[in-house]
Structures are given as C-alpha cells and as structure tokens.
Amino acid sequence: LTLPVAAILGFLAGLGVDFTVDTGNSFEESLPDNISFTQIPENMAIGKSYGFHRELEDDEILITADTMVLCSDEIMGKPSDRDDAIRMIAKLVDNKHKVLTGVCLRSNTKIITFTASTDVHFGHLSAEEIEYYIDTYKPYDKAGAYGVQEWVGYAGIRGIEGSFFNVMGLPVHMLYNKLKEMAL
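Heads up, the sequence shown is in our numbering, so the first residue is 25 and it goes up one at a time.
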C-alpha cells in the first residue's frame, strides 16, 4: 500500500498537526538476514528516517513509515505488471491477510518506533471483477495491488480488525499518541 501525499496531508491536518512534507531521502531498501516478517516495516521506517537528506532542526520531529501486505507468509509488494496484480488480488480474495505499518518518529534527542497490525478479510470477487478493478484503478503503485479506499475496498473487503487508516498506510490513532509521547 502506498499512501499518496494528499492522504498524508489529510491525516496530519485532521490531527491538527503543523507539518511540512519533505521527501528527500537516500535510503536504499534492504533487509538484514533472519529478520521476521513483523519487523520488516519498522526496520524500513527506521532506515528511511536515517536516510533523510539533512540534519533535523532542534524543534523538528521527522515521521517516516513503511507499509506491507502479508498473506500466507508472502510479502506482497507493488505488482510488477497486470498479471502480477491479478495474481495478488486473486490470492487475497476469500482470505485474510495482515497489513503492517512500521513508523519511526525521530527528533535530535529522541526516537520512538512502533508497528501497527490490521487483519483484513476479503470476500469473494470473480475473475471478471478482479480484472475490472485492475484495469480501471491500475493499482500498480500499491503493495498488495489494492487501495482500501477504492472500488475493491467497497466491493471486496468484508471486514477489518484494527485500524482502517493503517490499511490506508498510516495508523493515525497510534501516531497521535506517539507524537504526544515525543512531546514529553
């Protein structure tokens, strides 16, 4: 799942947080050996934080995050093409998967990291419906090949256990509470 900048702006604005968006980063994604699935998003968020292109000001908190979809021990990244997207959605239907988002909050004096986990239950979609979604919404920039806020979320998702906003890519409620911790 990839969170559009507009969604980030909306989430943070909805929290009443003053912020700027700065995407300058030199982090190249790689994983240490023997890392568990549940540690991957947080590890990526930390890497993005330390790959930030400049030093932080004394009054800044940098927020970085990474979201992944995990279905039957397969990490579903962004689909490589139409066939891969169809394969991913077909694996998700009539199944349960996890959306894990790792978040890193860092200032010059403090770092807080956390991972949010949400279980998503897909109902049944026909092959034609899957192709309709892929061809109409072209979710090639989204891990798991879907956006919960798009047609497939309305038509295909029958239940969510945990944060809806986490499935969109940012666990807003947890983020708000961790930002309060940063301020202490």
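Positions of the beta carbon are idealized from the N, C-alpha and C atoms, including for glycine.
In this text, all values refer to a predicted model and were calculated from it rather than measured experimentally.
Item, Value
"By alpha-carbon positions, which one of Tyr-157, His-197, Thr-142 ends up nearest to Phe-184?", "Here residue 184 is Ile; the residue named in the question, Phe, does not match the sequence. Checking every option, the nearest Cα to that of Ile-184 belongs to Thr-142."
"Would you kindly check if the distance between the Cβ of Phe-138 and the Cβ of Met-92 is under 8 Å?", "no"
"For the region 41 to 96, list the alpha helix (DSSP H) runs that are entirely contained and at least 4 residues long, ordered along the chain.", "64 to 74"
"Starting from Lys-120 and walking both ways along the beta strand (DSSP E), at which residues does that stretch end?", "120 to 130"
"Can you list, in chain order, the residues of its chain whose CB lies under 7 Å from that of Val-123, leaving out five sequence neighbours each side?", "Leu-25, Thr-91, Val-93, Thr-142, Val-144, Asn-190, Val-191"
"In chain order, which alpha helix (DSSP H) runs of at least 4 residues are fully inside the region 170 to 204?", "175 to 180, 188 to 192"
"Looking at the structure shown, is Thr-133 part of a helix, part of a strand, or coil, going by DSSP?", "coil"
"Report yes if the C-beta distance between Ile-136 and Glu-84 is below 8 Å; otherwise report no.", "no"
"Terminal residues of the continuous alpha helix (DSSP H) containing Asp-107?", "106 to 116"
"What residues in its chain sit with their C-beta under 7 Å from that of His-77, if we drop five residues either side in the sequence?", "Gly-48, Asn-49, Ser-50"
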